[in-house]
Amino acid sequence: MFHLIEARDGDGHGDGAVELANRALALSRQVHGDAHSKTLELTLDVASVKLGSGDMAGVRALVEPTLAALEAGDELLETGRAKFLLGQALYGLGQRKLGLAQVRAGLALLEAQDAAAVLAGQDRSVTLLIEKLVAWLRARE
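Quick note on the numbering used here: the sequence shown kicks off at 14 and runs consecutively.
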């Protein structure tokens with residue numbers, strides 16, 4: 014679903030992408046419930062679309078409760094991603110130090126996940142997210 018949303022957003026249909034993302038999230042909440050891993054992941058997808066449209070307050074409102082739910086579990090990848098999104102939102106809202114701290118915390122989790130994948134001989138798709146995070150940090154430090 015996220016790739017469809019992302020493609021639509023990339024075509025200059027940002028409002029349509031946010032609307033589509035919100036509908037998908039509402040459906041996931043209805044089918045799976047708020048605490049289900051698919052709903053939490055989709056919430057981060059919606060937050061990413063909102064970030065792309067400049068809605069930093071909307072990102073923060075979505076990510077803070079999602080991050081709390083993820084931290085209660087063992088989803089390092091999604092927790093790292095949530096911290097990255099929240100950090101970007103906080104940075105955009107003028108809370109630069111707090112935002113950078115969240116981004117760094119997200120980076121640490123993602124690097125741990127990537128190292129575990131290497132040791133286990135698994136897919137290293139998280140490497141691309143780490144590279145994006147590092148580039149974002151370098152541009153602001």
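For each residue, glycine too, the CB sits at the ideal point set by N, CA and C.
Own chain partners of residue i with C-beta closer than 6 Å, once the 5 adjacent residues on each side are dropped
i: residue 122; result: 89, 92, 93
Inter-residue spacing [alpha-carbon to alpha-carbon] between residue i and residue j
i: residue 86; j: residue 47; result: 14 Å
i: residue 53; j: residue 142; result: 18 Å
i: residue 108; j: residue 120; result: 18 Å
i: residue 153; j: residue 98; result: 15 Å
i: residue 162; j: residue 45; result: What is shown of the chain runs 14 to 154, which leaves residue 162 out entirely.
i: residue 134; j: residue 144; result: 20 Å
i: residue 146; j: residue 72; result: 17 Å
i: residue 35; j: residue 69; result: 16 Å
i: residue 30; j: residue 51; result: 19 Å
i: residue 57; j: residue 43; result: 17 Å
i: residue 62; j: residue 132; result: 32 Å
i: residue 124; j: residue 117; result: 10 Å
i: residue 111; j: residue 60; result: 18 Å
i: residue 75; j: residue 113; result: 19 Å
Cβ shell of residue i (< 7 Å), same chain only, five flanking positions each side left out
i: residue 67; result: none
i: residue 105; result: 69
i: residue 83; result: 53, 91, 92, 95
i: residue 148; result: none
i: residue 127; result: 137, 139, 140, 143
i: residue 41; result: 51, 52, 55
Residue i, DSSP secondary structure in three states
i: residue 91; result: helix
i: residue 49; result: coil
i: residue 154; result: coil
i: residue 58; result: helix
i: residue 65; result: helix
i: residue 85; result: coil
Same chain, Cβ closer than 8 Å to residue i, neighbours up to 5 away in sequence not counted
i: residue 80; result: 92, 95, 96, 99
i: residue 115; result: 96, 97, 99, 100, 103
Task: Continuous alpha helix (DSSP H) assignments of at least 4 residues falling wholly in the region 100-152 - done: 109-133
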